[in-house]
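As they're listed, the protein sequences go chains Z and F. Quick note on our numbering: the first sequence kicks off at 24 and runs consecutively. Quick note on our numbering: the second sequence kicks off at 1057 and runs consecutively. Virtual Cβ for every residue (Gly too), placed ideally from N, Cα, C. These figures come from a predicted structure and were not determined experimentally. Working notes, beginning with the structure itself.
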Amino acid sequence: MPEETLRPAWSQHFTPDAIQELLAQGPFAKITPEWAWGESTGKGVRVAVVDSGVEYDHPALEHCVQGGVVVEYDSKAKDNYRIKSDEKPLDVSGHGTACAGIIHSIAPEAEIYSVRVLGRNMGGRAIQFAAGLDWTIENDMQVVNLSLSTSLEEFFGLFHDLADQAYFKNMNLVSAVNNIPEPSYPSLYSSVISVAAHEGHDPFTYYYNPNPPVEFGAPGIDVEVAWNKGQYLVCTGNSFAAPHITGITALIRAKHPELTPFQIKTVLLACAANTKRQK
Amino acid sequence: MNPDKDINEEKLSEQLQRLLISIEASGRAVLPKSNDVLLKSIVDAAARIFGAAAASILLVNEEEEALEFKVSTGEADHDLVGTKFPYDRGIAGYVFMTGQPIATSNVREDKRFNQDFAKSTGYVPDSILATPLISSDDRIIGVMEVLDKIDATSFDLHDMELMGMFAQQAAMAIDMSQQIDSIEQALVRGLKRLAKEDRTQDSSDLKSALDQAHSGENRTSDLLVLADLFNDISGLGEAERKACIQVLTTFAEYRKTTSAPRRFR
Chain Z
24 MPEETLRPAW SQHFTPDAIQ ELLAQGPFAK ITPEWAWGES TGKGVRVAVV DSGVEYDHPA
84 LEHCVQGGVV VEYDSKAKDN YRIKSDEKPL DVSGHGTACA GIIHSIAPEA EIYSVRVLGR
144 NMGGRAIQFA AGLDWTIEND MQVVNLSLST SLEEFFGLFH DLADQAYFKN MNLVSAVNNI
204 PEPSYPSLYS SVISVAAHEG HDPFTYYYNP NPPVEFGAPG IDVEVAWNKG QYLVCTGNSF
264 AAPHITGITA LIRAKHPELT PFQIKTVLLA CAANTKRQK
Chain F
1057 MNPDKDINEE KLSEQLQRLL ISIEASGRAV LPKSNDVLLK SIVDAAARIF GAAAASILLV
1117 NEEEEALEFK VSTGEADHDL VGTKFPYDRG IAGYVFMTGQ PIATSNVRED KRFNQDFAKS
1177 TGYVPDSILA TPLISSDDRI IGVMEVLDKI DATSFDLHDM ELMGMFAQQA AMAIDMSQQI
1237 DSIEQALVRG LKRLAKEDRT QDSSDLKSAL DQAHSGENRT SDLLVLADLF NDISGLGEAE
1297 RKACIQVLTT FAEYRKTTSA PRRFR
């Protein structure tokens, strides 16, 4: 293996040595975390967690889960999937509950919806995932946490179209980048907020990377998370970085409902820990 | 590998092509002696590289929709091998379903880990790093786990990313080794047929070797015969390698004409 490929995949941009200082000037210098989300609880913002499900009665979630759906693969159904309502969602793994728990800890009054897209049929995974994302667009979700991705090239176009539809519907898609050094969708589209892990633990300290595709770095290393069956455990992965930014995005949207997806990205950049404001 | 398993022709020709491309790319056949030896060497290396007390590999068992422990090393050794988990169970199941690696610690708190089972082996790890094994054509063929970081309480992101790269190499080797196993019979049939048709040279030795290989008594030695053949041919030079590819391409095309391809999952 050539030496240069031994660098960490995407989170390399967020190691202490690699973080670049950025400058906010003019009107952008006036955007502060206090302005952006101070005193916001994310109240009323609809947040979908597209994942392994969410355990609705996990104590850490304090009844913030409002319902959800299960997307099942079905080779006999139209487009090969079926969507079932899931009033009291469960989690087949624990991963979705972990993401929901992080979002809830940051935006305690946001409404969380579980979109379970994982099942035993591996062949249907990308289809289920796409159908779940489509459901969030059709059902007026405002922020969508995608700690999942596909690296299947044939789904590039479909996910790109869905990401565009979400953008035009004023939604923010927040996607964890792949932990494996290869392209993954939809995390690498420009309209999506892509997130990798950094080493810190303060939930509101995140960084912006001026050399995309990966734009944001948030805590994702040794994060204590909720897991299914009422459990907790300590996890590491970009999967756990994305929900931090999802939570902050929900806070911003609750406080500033007039903002559009690209304005929210601008606000996120302006409030990144490596952005210095010129007075 | 079930020798009676219905081999799909379309898939077969794809596999042949893939195998040949990789052989040509490497310039010589670097075929592993057997799948088990290869897996063992991978987990040994993984445990050493990542400073783990134990390591294991689970591979997909499509018929049973399960992940099966194929090899393990360290404290978790022996009894694990052969044990199966449904796709949607546990940390390995999540990694398999999503293709995303995950590192956890305080695993005792995690009931998904299936404590009854872990306790029965007398080994419950404190930390786990689990990574998907993804073949070069993007199929997830299994999960590799390293357990219990020796010098730290958990595996870090750097471990995760390095393990991703290590797993990529491992997956390619495992995938190739599995393909060799499944295409063995077809390859032998093809070579036999071509040896029979080639009247320009005496191929009687090759024919008898292939006859023996086809008896299926000793699959490992069959594979070695084939590996040696590849080695011999690829070692001769570009023209010979090309000839070999032509031979096998002809075989693949011939197979296409003898039966209509069926969809196969």
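Proximity below 8 Å, CB of residue i to CB of residue j
i, j, result
"N261/Z", "V218/Z", "yes"
"A265/Z", "N201/Z", "no"
"V1099/F", "V1151/F", "no"
"L1185/F", "M1153/F", "no"
"G243/Z", "T228/Z", "no"
"Q286/Z", "L46/Z", "no"
"S207/Z", "T159/Z", "no"
"K288/Z", "E44/Z", "no"
"K236/Z", "L211/Z", "Residue identity check: residue 236/Z is Pro in the sequence provided, not Lys. Going by C-beta atoms, P236/Z is nearer than 8 Å to L211/Z."
"E134/Z", "C87/Z", "yes"
"Y190/Z", "P284/Z", "yes"
"L1197/F", "A1227/F", "It is Ile, not Leu, that sits at residue 1197/F in the sequence shown. In contact: I1197/F and A1227/F (Cβ atoms closer than 8 Å)."
"M94/Z", "Y104/Z", "Note that residue 94/Z is Val in the sequence shown here, rather than Met. Closer than 8 Å, so yes."
"L156/Z", "L185/Z", "yes"
"N1162/F", "K1140/F", "no"
"V16/Z", "V138/Z", "Outside the displayed span of chain Z (24 to 302) sits residue 16/Z, for which this structure offers no information."
"D1204/F", "S1191/F", "no"
"A1148/F", "E1201/F", "yes"
"V77/Z", "T120/Z", "yes"
"A153/Z", "L113/Z", "no"
"D1207/F", "G1107/F", "yes"
"T269/Z", "I54/Z", "no"
"A1102/F", "F1222/F", "yes"
"T1160/F", "V257/Z", "yes"
"Y230/Z", "H221/Z", "yes"
"A130/Z", "S170/Z", "no"
"V1127/F", "I1113/F", "yes"
"S98/Z", "L141/Z", "no"
Identified DSSP bridge partners for residue i
i, result
"L1185/F", "A1159/F and V1202/F"
"L1123/F", "V1116/F and F1141/F"
"A1129/F", "Note that residue 1129/F corresponds to Thr in the displayed sequence, not to Ala. Partner(s): A1111/F."
"G76/Z", "D114/Z"
"N195/Z", "V166/Z"
"A71/Z", "Y136/Z and V167/Z"
"T173/Z", "Y208/Z"
"I125/Z", "Paired residues: none, contrary to the question."
"I1196/F", "I1190/F"
Residue interval of the beta strand (DSSP E) (run including residue i)
i, result
"K299/Z", "T298 to R300"
"E134/Z", "E134 to R139"
Terminal residues of the alpha helix (DSSP H) in which residue i lies
i, result
"L45/Z", "Taken as a continuous stretch (DSSP letters only), L45/Z belongs to no alpha helix (DSSP H), being part of the beta strand (DSSP E) at L45 to A47."
"K1096/F", "N1091 to I1105"
"F37/Z", "Element bounds for F37/Z: n/a, residue is neither H nor E."
"E161/Z", "R148 to E161"
"P284/Z", "P284 to A293"
"T1154/F", "G1146 to T1154"
"W33/Z", "Where W33/Z is concerned, there is no enclosing alpha helix (DSSP H), given that its DSSP letter is neither H nor E."
"P131/Z", "P131/Z -> no alpha helix (DSSP H), and no H or E assigned at all."
"E57/Z", "P56 to W60"
Where residue i meets chain C, residues with beta-carbon distance less than 7 Å
i, result
"A220/Z", "The displayed structure is made up of protein chains Z and F, and chain C is not among them."
Practice problem: Identify every run of the alpha helix (DSSP H) within the stretch 82–121 of chain Z, keeping only runs that are complete inside it and at least 4 residues long; order them along the chain. | Solution: Qualifying alpha helix (DSSP H) stretches: none in this window.
Self-check item: Contiguous beta strand (DSSP E) assignments of at least 3 residues, all confined to the stretch 203–268 of chain Z
Solution: 216–221, 239–242, 246–250 and 254–259
Practice problem: Would you be able to state if there are at least three C-beta pairs under 8 Å between the stretch 57–70 of chain Z and the stretch 102–113 of chain Z? | Solution: no
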